[in-house]
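*Asks:*
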Amino acid sequence: MNFENCLPWQKSALTEWQRHADRLGHAYLWVAAPDFGLKVIVQAWLEGFLCQSSMHRPCGVCASCHWLQADTHPDVFWLRPETNSRVIKIDSIRDLCNFSEKTSALGGYRFIIIEAAECLNAFAANALLKTLEEPGEKTVLILLTHQPAQLTATIRSRCQHWIIAPVGRKQGVDWLQQVTAVSLQQASRALALAHNSPLKAKAWLESGWLDVVERFWRHLTELMLKVIDPVSLAILYKEHCTTPVLAEHMLQWVEDLWHLGVLNEQALPGLLHHEELLAEYQRIIVAGLDLERLWRLWQRLLQTPLELAGNVQPLLWYENLFIDFSGVCVVRRMGSGSMVMGR
Ligand SMILES: [Zn+2]
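Going by the numbering used here, the sequence shown opens with residue 140, and the numbers climb by one from there.
Below, the structure is given as structure tokens:
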């Protein structure tokens, strides 16, 4: 991986980091949105920083460049969560501590990278504290995460934080148009649906998933307006029933309806997941929302990932969920409040 191969937003972040890295501290916490590509950025930066040529960018032929590409650099310790459990356990931290106690093989800086640092379990996090405070001479720890709140306060407080801004909307749309040859409107819509993750939006555009989602939104409106019945809808989407993505879309839909139904419209900018669906939402609100049922539906949807991972029959489960959806739209209204749905 070198600078030229980085995606546009990764290049911007790498350039910013290179300014930070003039004087290296001993522990950093890098925070970015999921899919941003923190691994790519740290790998590209290490290749440039540790390259033994004097080209100020990775030469690709020196020993250091080769080692980094093969993941065998003697001065780099890269810690990843176990593939199946997604947990970083204390045994891995013991290996890390052993590494930090050695001296540099090449006489320069040494780096410890912890990928998905939110996966450190409590024992591992505790065992890491001493190394975080005193990692040894010219040894730098870089923790990567997209969920900083999952890390213990003791870990967070021992690191310098580098919070990377999300991908700019224009940058994301431009890139999507370049790599998928879709229209500006399609690119914008895909990016909005994919929560501003250009990589996810690209995958959705290429797989046709975006079309499925857009059709699903229309069907949800029809379901709530009782134009389509819950059982038919479940059959229509049965091949997608096992993916949690569909449930995530429903959750966003319900949260948007809640905010529109309960809060004053002036409070809306930035609160809706999908402002582009306002017309669909308005049709439902005009027909009349039962906010009490909507609230119960929201709570049920929060349980979806857990339920689907358990022993439920997905098609049947969706059928029941759609029955609840179809019951939300009635003329009756519950008294308004000022609650905001938060997760
Ligand atoms: Zn090199």
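Quick reminder that beta carbons are idealized off the backbone N, C-alpha and C, glycines included.
Go to ILE227, then tell me how far its beta strand (DSSP E) extends in each direction, as first and last residue.
*Replies:* For the purposes of this step, residue 227 is taken as residue 88 along the sequence shown, with counting starting at 1. It is not in any beta strand (DSSP E) - ILE227 carries neither H nor E in the DSSP assignment.
*Asks:* Hey, is the segment 315 to 327 in contact with the segment 185 to 199, meaning 3+ C-beta pairs nearer than 8 angstroms?
*Replies:* Touching, no, given that fewer than three Cβ pairs across the two stretches are closer than 8 angstroms.
*Asks:* Indicate the three-state DSSP secondary structure (helix, strand or coil) for CYS468 in the structure shown.
*Replies:* On the sequence shown, position 329 is the one that residue 468 refers to. Three-state DSSP puts CYS468 in a strand.
*Asks:* Leaving aside the five residues before and after SER192 along the sequence, list all residues of the same chain whose C-beta is less than 7 angstroms from its C-beta, in chain order.
*Replies:* Here residue 192 corresponds to residue number 53 of the sequence shown, with the count starting at 1. Hits under 7 angstroms: CYS198, CYS201.
*Asks:* For the segment 226 to 241 against the segment 265 to 278, are there 3 or more C-beta pairs whose distance is under 8 angstroms?
*Replies:* Output reads yes: the segment 265 to 278 touches the segment 226 to 241.
*Asks:* Please indicate yes or no: does the CB of PRO213 lie closer than 7 angstroms to some heavy atom of ligand 1?
*Replies:* Numbered from its first residue, the sequence shown carries residue 213 at position 74. No, the Cβ of PRO213 stays beyond 7 angstroms of every heavy atom of ligand 1.
*Asks:* Determine whether the beta carbon atoms of TRP456 and VAL306 lie at a separation below 8 angstroms.
*Replies:* Within the sequence shown, numbered from 1, the residue matching residue 456 stands at position 317. Within the sequence shown, numbered from 1, the residue matching residue 306 stands at position 167. No, the pair does not count as a contact, with Cβ atoms beyond the cut-off.
*Asks:* Taking 7 angstroms as the cut-off, is the beta-carbon of SER193 closer than that to any non-hydrogen atom of ligand 1?
*Replies:* Numbered from its first residue, the sequence shown carries residue 193 at position 54. For ligand 1, not one heavy atom lies less than 7 angstroms from the Cβ of SER193.
*Asks:* Going by DSSP in three states, TYR457 sits in which element: helix, strand or coil?
*Replies:* As a position in the sequence shown, residue 457 is number 318, starting the count at 1. Correct three-state label for TYR457: helix.
*Asks:* Consult DSSP for ALA386 and reduce its assignment to one of helix, strand or coil.
*Replies:* Position 247 of the sequence shown holds residue 386. Three-state result, ALA386: helix.
*Asks:* Compare the Cα-Cα distances from ILE251 to each of CYS258, GLU353, VAL352, LEU267 and report the closest residue.
*Replies:* Stepping through the sequence shown from its first residue, residue 251 is reached at position 112. Considering only alpha carbons, the answer is LEU267.
*Asks:* Starting from ALA448, trace the alpha helix (DSSP H) in both directions and tell me its first and last residue.
*Replies:* As a working note, residue 448 is residue 309 in the sequence shown. Note, ALA448: alpha helix (DSSP H), 443 to 448.
*Asks:* Are the segment 179 to 190 and the segment 203 to 213 in contact at 8 angstroms, needing three or more beta carbon pairs?
*Replies:* These segments touch.
*Asks:* Look up ARG432 in the DSSP assignment and give the residues it is bridged to.
*Replies:* By 1-based counting over the sequence shown, the position of residue 432 is 293. In the DSSP output, where bridge partners are listed per residue, ARG432 has none listed.
*Asks:* Cα separation between LEU235 and ALA171?
*Replies:* Residue 235 sits at position 96 when you count from the first residue of the sequence shown. Residue 171 sits at position 32 when you count from the first residue of the sequence shown. Straight-line Cα distance between these residues: approximately 24 angstroms.
*Asks:* Taking only heavy atoms of ligand 1 into account, decide whether any of them is closer than 7 angstroms to the Cβ of GLY199.
*Replies:* Walking along the sequence shown from the start, residue 199 turns up at place 60. Yes, ligand 1 has a heavy atom inside 7 angstroms of this Cβ.
*Asks:* What's the C-alpha gap between ARG435 and VAL226?
*Replies:* The residue labelled residue 435 in the question sits at position 296 within the sequence shown. The residue labelled residue 226 in the question sits at position 87 within the sequence shown. Their Cα atoms are separated by approximately 33 angstroms.
*Asks:* Between the C-alpha atoms of ARG162 and LEU153, what's the straight-line distance to the nearest angstrom?
*Replies:* Counted from its first residue, the sequence shown places residue 162 at position 23. Counted from its first residue, the sequence shown places residue 153 at position 14. One C-alpha to the other measures close to 15 angstroms.
*Asks:* Buried or exposed: which applies to LEU445, given that a residue is buried once 16 or more other Cβ atoms fall within 10 Å of its Cβ?
*Replies:* Counted from its first residue, the sequence shown places residue 445 at position 306. Exposed, because fewer than 16 other Cβ atoms sit within 10 Å of the Cβ of LEU445.
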